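Engineer:
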Amino acid sequence: MNRKMVFHICGQMMLLEAVLMLLPLVTALFYGEKCVFSFVASMGIALALGAVMMLANKPKDTVIYSREGFCITALTWVIFSLVGSLPFVISGEIPSFVDAFFETVSGFTTTGASILRDIESMSKGLLMWRSFTHWVGGMGILVMVMAVLPMTTDRSIHIMRAEMPGPIVGKLVPRVRQTAKILYVIYIGLTLLQIALLLAGGMNLFEAMIHTFGTAGTGGFSCNSDSIAGYSPYIQWVITIFMFIFGINFNLYYLALIRRFKSVFTSEELWAYTGIVAVSVAAVAINIRPLYESLGETLRYAAFQVMTIVSTSGFATADFNLWPQLSRSILCLLMFIGACAGSTAGGLKVSRVVMLFKAVKRELKKMLHPRSVSAVRFEGKPLEDSTLSGVCIYFALYMAITLGVFLLISFEPFDFETKFTSVLACFNNVGPGLGAVGPIGNYADYTAFSKIVLSVSMLLGRLEIYPIIFLLSPSVWFRKR
Numbered sequence: 349m350n351r352k353m354v355f356h357i358c359g360q361m362m363l364l365e366a367v368l369m370l371l372p373l374v375t376a377l378f379y380g381e382k383c384v385f386s387f388v389a390s391m392g393i394a395l396a397l398g399a400v401m402m403l404a405n406k407p408k409d410t411v412i413y414s415r416e417g418f419c420i421t422a423l424t425w426v427i428f429s430l431v432g433s434l435p436f437v438i439s440g441e442i443p444s445f446v447d448a449f450f451e452t453v454s455g456f457t458t459t460g461a462s463i464l465r466d467i468e469s470m471s472k473g474l475l476m477w478r479s480f481t482h483w484v485g486g487m488g489i490l491v492m493v494m495a496v497l498p499m500t501t502d503r504s505i506h507i508m509r510a511e512m513p514g515p516i517v518g519k520l521v522p523r524v525r526q527t528a529k530i531l532y533v534i535y536i537g538l539t540l541l542q543i544a545l546l547l548a549g550g551m552n553l554f555e556a557m558i559h560t561f562g563t564a565g566t567g568g569f570s571c572n573s574d575s576i577a578g579y580s581p582y583i584q585w586v587i588t589i590f591m592f593i594f595g596i597n598f599n600l601y602y603l604a605l606i607r608r609f610k611s612v613f614t615s616e617e618l619w620a621y622t623g624i625v626a627v628s629v630a631a632v633a634i635n636i637r638p639l640y641e642s643l644g645e646t647l648r649y650a651a652f653q654v655m656t657i658v659s660t661s662g663f664a665t666a667d668f669n670l671w672p673q674l675s676r677s678i679l680c681l682l683m684f685i686g687a688c689a690g691s692t693a694g695g696l697k698v699s700r701v702v703m704l705f706k707a708v709k710r711e712l713k714k715m716l717h718p719r720s721v722s723a724v725r726f727e728g729k730p731l732e733d734s735t736l737s738g739v740c741i742y743f744a745l746y747m748a749i750t751l752g753v754f755l756l757i758s759f760e761p762f763d764f765e766t767k768f769t770s771v772l773a774c775f776n777n778v779g780p781g782l783g784a785v786g787p788i789g790n791y792a793d794y795t796a797f798s799k800i801v802l803s804v805s806m807l808l809g810r811l812e813i814y815p816i817i818f819l820l821s822p823s824v825w826f827r828k829r
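Heads up: the sequence shown runs through residues 349 to 829, numbered per our numbering.
1) Using the DSSP secondary-structure output, state which residues sit across from Pro730 in a beta bridge.
2) Applying the criterion that 16 or more other CB atoms from any shown protein chain within 10 Å of the CB defines a buried residue, is Met655 buried or exposed?
3) Taking Pro718 as the reference, which of Arg710, Val724 and Val625 has the closest Cα?
4) For Met557, report the span of its alpha helix (DSSP H) as first-last.
5) Going by DSSP in three states, Glu711 sits in which element: helix, strand or coil?
6) Cα-Cα, which of Ile587, Ala773 and Phe797 is closest to Gly786?
7) At 3 residues or longer, and completely inside the region 370-435: list those beta strand (DSSP E) runs for me, N to C.
8) From Leu464 to Pro372, what distance separates their C-alpha atoms?
9) Just reading off the alpha helix (DSSP H) that Asn790 is part of, what are its end residues?
10) Phe663 by DSSP, collapsed to three states: which one?
11) Give the straight-line distance between the Cα atoms of Met487 and Gly695, rounded to the nearest whole angstrom.
12) Going by the CB atoms, is the gap between Thr424 and Ile489 shorter than 7 Å?
13) DSSP three-state label for Ser798, please.
14) Quick one: residues in its chain with C-beta nearer than 7 Å to the C-beta of Phe768, no 5 flanking neighbours on either side, listed in chain order?
15) Can you list, in chain order, the residues of its chain whose CB lies under 6 Å from that of Lys472, leaving out five sequence neighbours each side?
16) Taking the alpha helix (DSSP H) that Arg351 falls in, what are its first and last residues?
17) In chain order, what are the residue ranges of uninterrupted alpha helix (DSSP H) at least 4 long that sit wholly in the region 571-649?
18) Could you pull out every residue in the same chain whose Cβ sits closer than 6 Å to the Cβ of Trp825, ignoring the five residues on either side in sequence?
19) Compare the C-beta of Gly455 against all C-beta atoms of chain B and say whether one is closer than 7 Å.
20) Consult DSSP for Arg465 and reduce its assignment to one of helix, strand or coil.
21) Could you check where the alpha helix (DSSP H) with Asp447 kicks off and where it finishes?
22) CB Gly752 to CB Ser770, shorter than 7 Å?
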């Protein structure tokens with residue numbers, strides 16, 4: 349393990365986090381808020397610690413291998429969350445460090461689970477930082493760095509593979525830095541477009557930025573306790589559409605830009621994602637039709653809640669705790685699935701779900717015809733057995749961790765529905781669950797131990813398990829290559 353390289357890059361990440369705090373600092377200065385000092389102090393701490401880590405760990409060997417890539421990724425996300433908690437604690441607006449850590453992890457992992465009871469009482473600078481963490485974490489902290497700063501070698505693909513969600517991560521163009529640039533250009537372009545459309549709908553710039561950051565990162569933090577419910581149908585539809593857009597694999601946007609439209613429209617994952625959304629919206633709309641006056645209103649509420657769950661965004665326009673059991677069950681199932689690989693969404697990912705079903709179908713066929721040889725195809729190409737094996741192992745780990753986290757928080761005095769959906773909502777980076785953690789609830793009443801467990805589960809879900817496992821594995825740190 350090249351530990352000096354790991355800690356050197358983590359030092360660079362702390363310097364970056366200090367720079368990222370400039371946006372909420374400017375916001376606090378604009379509104380003349382007291383939290384200005386908390387950002388200045390946090391930036392000073394981040395700069396000092398980052399400089400020390402860099403100077404104390406000057407690597408002779410700058411090559412990044414897979415184990416360094418996993419550990420750099422996991423450690424960066426933990427450090428970002430710890431340092432990102434400081435403005436909340438120093439300002440006194442979230443005095444408990446555990447609560448501040450939970451809120452910050454929820455932000456960077458684009459989960460949207462919150463411990464805040466009165467969001468409107470928060471200063472605008474801290475609300476901006478809270479939502480900006482969604483945008484930063486959505487595409488990936490280290491992918492951002494690769495887009496801006498040249499990495500040492502093209503082995504930095506190991507970092508991208510550790511941070512980008514999905515069973516298969518590759519380069520759009522030969523060099524990793526160019527791939528990262530392309531992804532961020534698309535990401536920024538869609539972000540600016542949504543801000544413009546929200547401004548056109550009557551939102552002020554602060555609100556438009558807050559809600560766009562939450563949509564782009566599929567996180568869901570709002571500046572209102574009722575989330576999006578108080579806004580116009582136009583605003584709700586804009587956010588619904590963009591939740592769908594940000595749940596699509598960003599590689600498809602690049603293919604569209606270079607006019608490879610056939611590859612876009614024949615994407616198996618895109619069609620599966622669209623089909624899941626369409627069927628879910630139709631089923632929920634039929635189920636909740638008696639609750640609303642018009643068909644248009646019913647479709648708007650159904651589409652918004654389905655999209656906020658399947659894209660793991662976490663916004664809300666209705667309290668779906670009050671909906672019939674069928675609709676709530678559908679939403680619970682969508683928490684597992686998530687959106688597309690290569691998007692900013694969480695969950696298992698549609699591609700993995702499709703691959704799992706195809707693998708099961710092949711095994712059933714083999715049971716009937718033992719001598720038959722058939723390949724599992726995805727996106728028009730045969731999948732290697734190693735890829736299918738990786739998907740199955742990931743699913744097994746996914747279910748084991750879900751069960752393990754549930755058992756760890758099972759002592760909490762909540763009903764089964766609340767505790768189970770808390771685990772699903774945090775591990776899949778969804779945010780709101782059912783019961784006490786529903787759209788009008790929060791996680792404030794959980795104990796400090798459970799908040800830490802759920803925070804770790806958010807990191808496990810966002811980084812797709814392996815980086816955190818490797819970070820905590822002594823053999824990875826001390827075994828020679």
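Don't be surprised by glycine CBs; every beta carbon is placed ideally from N, CA and C. In this text, all values refer to a predicted model and were calculated from it rather than measured experimentally.
Structural biologist: Per the coordinate set shown:
1) Arg725
2) buried
3) Arg710
4) Leu553 to Ala564
5) helix
6) Ala773
7) none
8) 19 Å
9) Taken as a continuous stretch (DSSP letters only), Asn790 belongs to no alpha helix (DSSP H), as it is neither H nor E.
10) coil
11) 15 Å
12) yes
13) helix
14) Phe754
15) Thr375 and Tyr379
16) Arg351 to Leu368
17) 581-594, 598-605, 609-613 and 616-636
18) Met349
19) No chain B is present in this structure, which holds just one protein chain.
20) coil
21) Phe445 to Phe456
22) no
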